[in-house]
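To keep things clear, I will list the structure first and then write my remarks on it.
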RNA sequence: GGCUCCGUAGCCAAGUGGCUAAGGCAGCGGAUUGCAAAUCCGCCAUCGUCGGUUCGACUCCGACCGGAGCCUCCA
C-alpha cells in the first residue's frame, strides 16, 4: 500500500495511516465523540454506506480512476479488516472526462479556485466537491446538449479511457443519433408502430426470438452481446448497432416495403426492430422519443407544413420545378429539410 | 522526480503476434432522384519515433518524444 505523504506524513505513525475521524472545522456539521466534535473521514463514509445498503460484500464497486489511491485502498483496508471478507468482487474504474481545450475533469471546480475556506463551500456544492481542477460543470453541458448525445459520446469509447468533452464531439454524437432516429421514423411510416413503444425484451426472450429477424441480424446481435460481455466494450457494441441499422435499411430497400407491404416481410421488419429495441435498450439509448421543440405552436407548424408540401407537390406534378425548388431552398434556410420519398414528402428540423 | 495509463486514417475511436486493422463524423465516386435529401454500393490507415526479441510485431521488451491520472487527511 502506498502512503499518503505531504505535510501530514510526519504526524502519522505509519505512512499508510489515514484519517478515520476528523475534527470539525468551524461551521461544519459535527457529532460528539470521545475525541470531541467531529465527523467521519471521507473513506469511512463510503465503507459505512456500502455496508448499510449493500452488505459486507457486494459485486461491483465503481469510481473514477483518480480514486484508486488513496480512497479505494483505504475503503478496502477499513471494510475488509472489519468484515473479514473481500469488499467487492470487481472494481471498475472509469477514465476521466476532460473538457476540450481545458485541463481537468468535467464537473470539477474551475481551475484556480481557492480551496478550503468557508466562502468557497457554496461554489463547491454547486459544482462537484473536489479539489481537482476542472472545467465547466456538467449541468452547463446538459443545458446545451441533449442528454442522449452525451450518453452516446460516453458510450463511444471504452469506459476506462479518458474522454474529451467539447462542442464538436458532442455535435458529432448528436449527428450519429440521427441515423438511428431516421430509421425509427422510416419503420414507423411502414408499420405504423412506434419504435419507442416497443418493449425492451430480456436477453433470454431475445435468444428465443432472434431467428425471426434473420441471420445477419442474429450475427450482429451476437457480436453486440459478446462485446458487452467483454468488459463492457460499448464502442464495439455501438459499431454493431450501426451495422444493424444498415441491415434494416437494406431490408426495407430490397423488399420495397415503402411501396408494398407484404405480410411476411412486415413480420421480419417487426422482428428486426424488436431486436434493435432490445439492444439499444441495453445501452439505455432511445428510451424516449426526442423532445419536440416547437412548443405550443407545434400543431400550427405541422399544419402549415402540410399545406406547403401539398402546394409544392402540385407544382412538381405540373413540372414547375423552379417553384418546388424555391420552396425547398427557402425552407432549408429556416432549418427545415424536405425529403421527397417514394411514398410522399416528409419534413424535419435540421439538428 | 516516483508510480500508472495512453499515442491507430483529416477528426473521434475499437482491436489483434501471422488471416480483409471494427464503427462513427468529414470527404470522394456510383446507384436512386426532375434536381436534391434520405437510403444503398464502393473508395479513403501499415498503427508516435528509434532500437531489440521473433520465422514473423501495429500487437512483446527498452529508450525517447507527446498527452492524461495519482503521489496534497478535497470529497
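Numbering (the working numbering), first residue to last: 22 to 372.
Here a beta-carbon is modelled for each residue, glycine too, at the ideal position from N, C-alpha and C.
Model, not experiment: these values are computed from the prediction.
As assigned by DSSP and simplified to three states, the class of residue i
{"i": "residue 77", "result": "coil"}
{"i": "residue 119", "result": "strand"}
{"i": "residue 235", "result": "coil"}
{"i": "residue 363", "result": "coil"}
{"i": "residue 261", "result": "helix"}
{"i": "residue 354", "result": "helix"}
Cut-off 8 angstroms between Cβ atoms - residues of its own chain near residue i, not counting five sequence neighbours on either side
{"i": "residue 69", "result": "61"}
{"i": "residue 332", "result": "348"}
{"i": "residue 377", "result": "Because the chain is modelled from 22 through 372, residue 377 falls outside the range shown and cannot be assessed."}
{"i": "residue 162", "result": "127, 171, 186, 191"}
{"i": "residue 56", "result": "42, 44"}
{"i": "residue 54", "result": "42"}
{"i": "residue 362", "result": "279"}
{"i": "residue 92", "result": "63, 64, 67, 84"}
{"i": "residue 356", "result": "370, 371"}
{"i": "residue 276", "result": "283, 286"}
Proximity below 8 angstroms, CB of residue i to CB of residue j
{"i": "residue 45", "j": "residue 59", "result": "yes"}
{"i": "residue 255", "j": "residue 304", "result": "yes"}
{"i": "residue 211", "j": "residue 306", "result": "no"}
{"i": "residue 95", "j": "residue 39", "result": "yes"}
{"i": "residue 176", "j": "residue 259", "result": "yes"}
{"i": "residue 81", "j": "residue 51", "result": "no"}
{"i": "residue 181", "j": "residue 116", "result": "yes"}
{"i": "residue 265", "j": "residue 289", "result": "no"}
{"i": "residue 302", "j": "residue 221", "result": "yes"}
{"i": "residue 241", "j": "residue 215", "result": "no"}
{"i": "residue 217", "j": "residue 310", "result": "yes"}
{"i": "residue 337", "j": "residue 345", "result": "yes"}
{"i": "residue 219", "j": "residue 270", "result": "no"}
{"i": "residue 319", "j": "residue 268", "result": "no"}
{"i": "residue 245", "j": "residue 300", "result": "yes"}
Same chain, Cβ closer than 6 angstroms to residue i, five either side skipped, listed in chain order
{"i": "residue 108", "result": "97, 100, 101"}
Contact test: residue i Cβ vs the ligand SAM heavy atom, cutoff 7 angstroms
{"i": "residue 227", "result": "What this structure holds is no ligand at all, so the ligand SAM is not there to describe."}
Contacts around residue i, its chain only, beta-carbon distance under 7 angstroms, and the 5 residues preceding and following it disregarded
{"i": "residue 41", "result": "62, 65"}
{"i": "residue 114", "result": "84, 85, 86, 89, 181"}
{"i": "residue 79", "result": "71, 109"}
{"i": "residue 178", "result": "184, 256"}
{"i": "residue 367", "result": "360"}
{"i": "residue 165", "result": "none"}
The stretch 196 to 209 / the stretch 159 to 176 touching (three or more Cβ pairs under 8 angstroms): yes
Inter-stretch contact (C-beta, 8 angstroms, three-pair minimum) for the stretch 219 to 234 and the stretch 292 to 306: yes
In chain order, each beta strand (DSSP E) run of at least 3 residues that lies wholly inside the stretch 161 to 222: Considered as a whole, the stretch 161 to 222 harbours 184 to 186 as its complete beta strand (DSSP E) runs of no fewer than 3 residues, in chain order.
Unbroken stretches of the alpha helix (DSSP H), 4 residues or longer, contained in the stretch 32 to 109: 63 to 75, 94 to 104
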